[in-house]
Amino acid sequence: MTVLTLLRRPAISCLRSTASSSSRRTFTSLLRTPTTITTLQTRPTLHSSPTSLLPQTTSSSQTTTSTSLLLPLQGLTQTRGHRRKTYNPSHIVRKRRFGFLARLRSKTGKNILKRRKAKGRKMLTH
2 MTVLTLLRRP AISCLRSTAS SSSRRTFTSL LRTPTTITTL QTRPTLHSSP TSLLPQTTSS
62 SQTTTSTSLL LPLQGLTQTR GHRRKTYNPS HIVRKRRFGF LARLRSKTGK NILKRRKAKG
122 RKMLTH
């Protein structure tokens, strides 16, 4: 093609160049490692153990890919840092959130201790 035809039809020339480059690339060139189709033993339930959720594989290269397949399922088993939905009193949780050491860790907690001490409270915290 000459420069004049490129200037007249820039959109068509761009489409041709992307179409030709994408036709050369195949889907298999995008894959990092050769994979095999693995199936889960059972449907994941809340009562099944995390090891039963892993696909059955034999080689070490396949185990790394199978553990990456498990990552979306971790949301079912891991519940760290979530808010408690119902009133479920626990002395340990109360001490962890509102205790003396928790108040000392933050700037606002130190201010709370100062206010309560200045007011003359016998119990500064839980």
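Numbering (this note's numbering), first residue to last: 2 to 127.
Quick reminder that beta carbons are idealized off the backbone N, C-alpha and C, glycines included.
For clarity, every value in this text was computed on a predicted model and none was experimentally measured.
Following the continuous alpha helix (DSSP H) through residue i, name the residue where it begins and the one where it ends.
{"i": "residue 125", "result": "That residue, residue 125, is in no alpha helix (DSSP H); it is neither H nor E in DSSP."}
{"i": "residue 86", "result": "It is not in any alpha helix (DSSP H) - residue 86 carries neither H nor E in the DSSP assignment."}
{"i": "residue 95", "result": "92-99"}
Can you give the beta carbon distance from residue i to residue j, rounded, assuming they're within the 8 Å contact cut?
{"i": "residue 125", "j": "residue 117", "result": "5 Å"}
{"i": "residue 100", "j": "residue 127", "result": "5 Å"}
Pull up the distance between the alpha-carbon of residue i and that of residue j, whole angstroms please.
{"i": "residue 97", "j": "residue 103", "result": "6 Å"}
{"i": "residue 91", "j": "residue 85", "result": "11 Å"}
{"i": "residue 122", "j": "residue 112", "result": "14 Å"}
{"i": "residue 107", "j": "residue 95", "result": "16 Å"}
{"i": "residue 81", "j": "residue 93", "result": "16 Å"}
{"i": "residue 83", "j": "residue 120", "result": "34 Å"}
Here's the rule: buried if 16 or more other CB atoms are within 10 angstroms of the residue's CB, otherwise exposed. What is residue i?
{"i": "residue 40", "result": "Note on residue 40: pLDDT 48, under 50, position unreliable in the model; no value is reported."}
Is any heavy atom in the ligand HEM found nearer than 6 Å to the beta carbon of residue i?
{"i": "residue 87", "result": "Inclusion of the ligand HEM in the displayed structure is not the case, the ligand content being empty and no account of it being possible."}
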